[in-house]
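What follows is one structure encoded as structure tokens, with my remarks underneath.
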Amino acid sequence: MRATPPPKTYRVKSFGCQMNVYDGERMAELLADRGIVPAPEGEDADLVVLNTCHIREKAAEKVYSDIGRLRKADGSKPLIAVAGCVAQAEGEEIMARAPSVSMVVGPQAYHRLPEMLDKAVAGERTTDTDMPPIAKFDALPARRRAAPSAFLTVQEGCDKFCTYCVVPYTRGAEISRPFADLLAEAERLVAGGAREITLLGQNVNAWTGEDHKGRAIGLDGLIRELATLPDLARIRYTTSHPMDVTDGLIAAHGEIDKLMPFLHLPVQSGSDPILKAMNRSHDADGYLRLLERFRAARPDIALSGDFIVGFPGESEADFEATMQLVDAVGYAQAFSFKYSPRPGTPAATMADQVAPEVMDERLQRLQAALNRDQMAFNQASVGKTCPVLVERKGKKPGQLLGKSPWLQSVWFDSDVSIGEIVEVELAEAGPNSMAGRVRASATT
Ligand code: SAM
Ligand code: SF4
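Position in the sequence shown counted from 1, then plus 3, gives you our numbering.
Set out below in structure tokens:
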């Protein structure tokens with residue numbers, strides 16, 4: 004590769020989960036520290052970071068088509084870095100298949116992006132997919148500016164080894180970031196303008212640590228501590244695993260006003276034999292009982308989940324069990340996917356792979372039920388007045404967009420500022436958002 008002038012502008016494109024969004028923001032901060040500025044909307048960037056997702060085949064293949072398409076207006080290629088889970092899983096293949104890529108950096112190594120960039124400018128191609136636990140966070144610059152709703156990664160990796168999933172291989176073993184570091188980062192986020200913090204982790208509720216008195220605490224303890232930050236108005240967390248739900252976490256939903264009434268607790272399937280084959284370590288009934296306990300602690304809690312249809316061996320009866328579970332829960336929103344065999348995972352070589360057309364048909368039925376329930380949840384919210392955190396401008400002049408406590412997108416006309424929390428009456432329900440009318444400014 005030939006030497007190139009140092010980049011003046013960058014663009015980070017993050018795909019996949021919210022943890023990637025967080026990592027993307029941190030990479031942007033590293034580049035900003037180097038004096039590189041974000042490329043204005045619609046203009047070429049000298050450096051493009053593709054922060055990739057490996058969870059399903061489609062997501063992974065997208066990387067190669069994106070690399071092929073990246074070109075500046077003058078026909079030249081920008082400097083290209085591939086980051087994220089595809090980088091971790093397919094680093095060597097990317098280097099071989101895509102000669103225009105000069106940096107491949109895994110999710111635990113991106114704090115070394117600036118050094119890699121120096122080498123790229125000198126014409127050297129580098130790959131760094133080391134997995135040093137936690138080192139990255141210590142090496143990253145302190146947070147400065149934050150959106151009204153900010154992400155904070157508290158836990159990384161996964162030891163659960165669900166048989167369909169690549170995460171334990173791409174993100175490594177479960178680790179929790181230290182309490183003091185999280186408190187410090189949360190304080191910086193709040194000082195930088197965040198009113199809401201969403202705590203992130205592949206298994207966020209597996210987080211453990213020691214508080215400032217050396218007492219062992221879990222996620223609920225962390226939430227309790229963060230709730231004492233005066234200017235932090237809202238706390239959320241995602242994604243949780245049923246196995247790591249504790250009594251303390253359930254109780255926190257009834258006791259901490261700043262903890263929003265929303266729970267994303269993936270179940271994947273409603274069929275016990277399929278859950279067993281997935282190595283989920285819970286059954287459908289156990290999952291439903293957990294949800295009942297959350298509802299008892301916080302009756303208005305909105306529920307969300309993830310589903311996979313067409314896992315190997317899934318019969319029509321297994322799928323029906325999923326549909327029954329959906330009916331029993333009444334999710335406020337949920338994500339559903341067709342099973343995608345991932346190389347190196349146990350499920351990829353299981354017998355009885357389900358035919359694509361069967362998966363398509365089941366996904367359609369499941370999504371129709373989930374959409375029906377989401378619409379019903381939104382319709383049931385009409386007439387309620389609730390605090391909405393204003394996150395950004397809407398498409399039309401004077402329109403603002405924010406989130407209700409139940410994570411519904413709410414748009415309304417007002418001249419209040421981004422970052423304010425206002426009392427809004429939810430006036431009209433759509434399938435994916437609510438239209439509201441401002442009542443008054445609120446403080447929390
Ligand atoms: N740790 C979380 C959990 O256990 O629920 C979720 C992590 S994963 C990034 C997000 C979702 O992707 C999973 O809940 C699952 O529904 C979906 N997923 C993971 N592997 C998949 C696969 N091979 N095919 C289809 N969907 C998959
Ligand atoms: Fe993947 Fe299962 Fe771990 Fe979630 S719990 S990240 S689905 S292995």
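Just so it is clear, CB atoms sit at the ideal spot from N, CA and C, and this is done for glycine as well.
> Comparing alpha-carbon positions, which option in M119, I311, G422, V40 lies nearest T166?
Replying inline: Numbered from its first residue, the sequence shown carries residue 166 at position 163. The option with the nearest alpha carbon to T166 is I311.
> Is N54 helix, strand or coil when you go by DSSP?
Replying inline: As a first step, residue 54 is located in the sequence shown; it is residue number 51 there, counting from the start. N54: strand per DSSP, three-state reduction.
> Where does C389 sit, in a helix, a strand or coil, going by DSSP?
Replying inline: Position 386 of the sequence shown holds residue 389. Here C389 sits in strand by DSSP.
>> Tell me which residues pass a beta-carbon proximity test against the ligand SF4: closer than 6 Å to any heavy atom, given in chain order.
In response: C161, K163, F164, C165, C168, V170, P171, Q205, N206, H244
> Are R237 and K216 closer than 7 Å when you measure CB to CB?
Replying inline: On the sequence shown, residue 237 is found 234 positions in, with the first residue counted as 1. On the sequence shown, residue 216 is found 213 positions in, with the first residue counted as 1. Contact: no.
> Counting along the chain, where does the beta strand (DSSP E) carrying S307 start and finish?
Replying inline: Residue mapping note: residue 307 aligns to position 304 of the sequence shown, counting from 1. Unbroken beta strand (DSSP E) run through S307: 305–312.
> Could you check where the alpha helix (DSSP H) with V170 kicks off and where it finishes?
Replying inline: Start at 1 with the first residue of the sequence shown, and residue 170 comes out as number 167. Counting along the chain, the alpha helix (DSSP H) containing V170 begins and ends at 170–173.
>> Given this structure, state the Cα-to-Cα distance separating E60 from A354, to the nearest angstrom.
In response: Along the sequence shown, one-based indexing puts residue 60 at 57. Along the sequence shown, one-based indexing puts residue 354 at 351. Going by the C-alpha atoms only, they are around 19 Å apart.
> Helix, strand or coil: how does DSSP classify T447 here?
Replying inline: The count along the sequence shown starts at 1 and reaches residue 447 at position 444. Because T447 carries a pLDDT of 46, less than 50, the predicted location of this residue cannot be relied on, and the following value inherits that uncertainty. Reduced to three states, the DSSP call for T447 is coil.
> What beta strand (DSSP E) runs, 3 residues minimum, are completely inside the segment 193–276?
Replying inline: 199–203, 211–213, 219–221, 237–241, 265–267
> How long is the line joining the alpha carbons of L53 and V85, rounded to whole angstroms?
Replying inline: Residue numbering aside, residue 53 sits at position 50 when the sequence shown is read from its first letter. Residue numbering aside, residue 85 sits at position 82 when the sequence shown is read from its first letter. Each residue's alpha carbon lies about 5 Å from the other.
> Can you round the beta-carbon distance between R337 and D303 to whole angstroms, since I take them to be within the 8 Å contact cut?
Replying inline: Stepping through the sequence shown from its first residue, residue 337 is reached at position 334. Stepping through the sequence shown from its first residue, residue 303 is reached at position 300. A quick correction: the sequence has Ala, not Arg, at residue 337. Actually they do not touch by this definition, with Cβ atoms about 18 Å apart.
>> On the criterion of 16 or more Cβ atoms from any shown chain inside 10 Å, does T348 qualify as buried, or is it exposed?
In response: Translated into the one-based positions of the sequence shown, residue 348 becomes position 345. Buried is the call here.
> Can you list, in chain order, the stretches of the alpha helix (DSSP H) that have 4 or more residues and sit fully within the segment 277–356?
Replying inline: 287–300, 319–332
> Can you name the start and end residues of the beta strand (DSSP E) that Y167 belongs to?
Replying inline: Here residue 167 refers to the residue found at position 164 when the sequence shown is read from its first residue. Segment: none, Y167 is in no beta strand (DSSP E) and carries neither H nor E.
> Measuring from the CB of D355, is there a heavy atom of the ligand SAM at a distance below 6 Å?
Replying inline: Counted from its first residue, the sequence shown places residue 355 at position 352. Not under cutoff, so the answer is no.
>> Looking at the ligand SAM, does it come within less than 6 Å of T352, judged from the CB to the closest heavy atom?
In response: Taking the sequence shown and counting its residues from 1, the one referred to as residue 352 is at position 349. T352: no, Cβ never under 6 Å from the ligand SAM.
>> My assumption, with CB atoms under 8 Å, is that L82 sits in contact with A123. Please give the rounded CB distance.
In response: For the purposes of this step, residue 82 is taken as the residue at position 79 of the sequence shown. For the purposes of this step, residue 123 is taken as the residue at position 120 of the sequence shown. Between A123 and L82 the Cβ distance is about 6 Å, and since that is below 8 Å, they are a contact.
> Start and end of the alpha helix (DSSP H) containing E28?
Replying inline: Numbered from 1 along the sequence shown, position 25 holds the residue referred to as residue 28. 21–36 is the extent of the alpha helix (DSSP H) around E28.
> By the 10 Å Cβ neighbour count, where 16 or more other Cβ atoms means buried, how is Q327 classified, buried or exposed?
Replying inline: Counting from one through the sequence shown, the residue named residue 327 turns up at place 324. Exposed: under 16 other Cβ atoms inside 10 Å.
> Which of helix, strand or coil does DSSP assign to P359?
Replying inline: Along the sequence shown, read from residue 1 onward, the residue named residue 359 stands at position 356. If DSSP states are grouped into helix, strand and coil, P359 belongs with the helices.
> Between which two residues does the beta strand (DSSP E) carrying A430 extend?
Replying inline: The residue given as residue 430 occupies position 427 in the sequence shown. Here the beta strand (DSSP E) through A430 covers 424–432.
> From this set, S417, K398, Q382, M281, which residue's C-alpha is nearest M437's C-alpha?
Replying inline: By 1-based counting over the sequence shown, the position of residue 437 is 434. Here the closest residue by C-alpha is Q382.
>> Spatial neighbours of A372 within its chain, please: C-beta separation below 8 Å, excluding the five flanking residues on both sides.
In response: Taking the first residue of the sequence shown as 1, we reach residue 372 at position 369. M326, V329, D330, listed in sequence order.
>> Quick check: G422 and G196, are their CB atoms within less than 7 Å of each other?
In response: Residue mapping note: residue 422 aligns to position 419 of the sequence shown, counting from 1. Residue mapping note: residue 196 aligns to position 193 of the sequence shown, counting from 1. Contact flag set, yes.
> Do you know offhand how far P110's Cα is from T352's?
Replying inline: Translated into positions along the sequence shown, residue 110 becomes position 107. Translated into positions along the sequence shown, residue 352 becomes position 349. If I take the Cα positions, the gap works out to 27 Å.
> Roughly how far, in whole angstroms, is the beta-carbon of L33 from the beta-carbon of P117, given that I think they are within contact range, below 8 Å?
Replying inline: As a working note, residue 33 is residue 30 in the sequence shown. As a working note, residue 117 is residue 114 in the sequence shown. That pair is a contact at about 6 Å.
> To which residues of the same chain is V157 closer than 6 Å at the C-beta, ignoring the five residues directly before and after it?
Replying inline: What you label residue 157 is simply residue 154 of the sequence shown in a count that begins at 1. If we look at V157 and ignore the five residues flanking it on each side, its Cβ neighbours are R180, L185, L202, G204, W210.
> Terminal residues of the continuous alpha helix (DSSP H) containing D69?
Replying inline: Taking the sequence shown and counting its residues from 1, one reaches residue 69 at position 66. That run of the alpha helix (DSSP H) goes 60–72.
> With distances taken between CB atoms, is the gap from K80 to S105 smaller than 7 Å?
Replying inline: Position 77 of the sequence shown, counted from the start, is the residue given in the question as residue 80. Position 102 of the sequence shown, counted from the start, is the residue given in the question as residue 105. Taking 7 Å as the Cβ cut-off, K80 and S105 do not qualify as a contacting pair.
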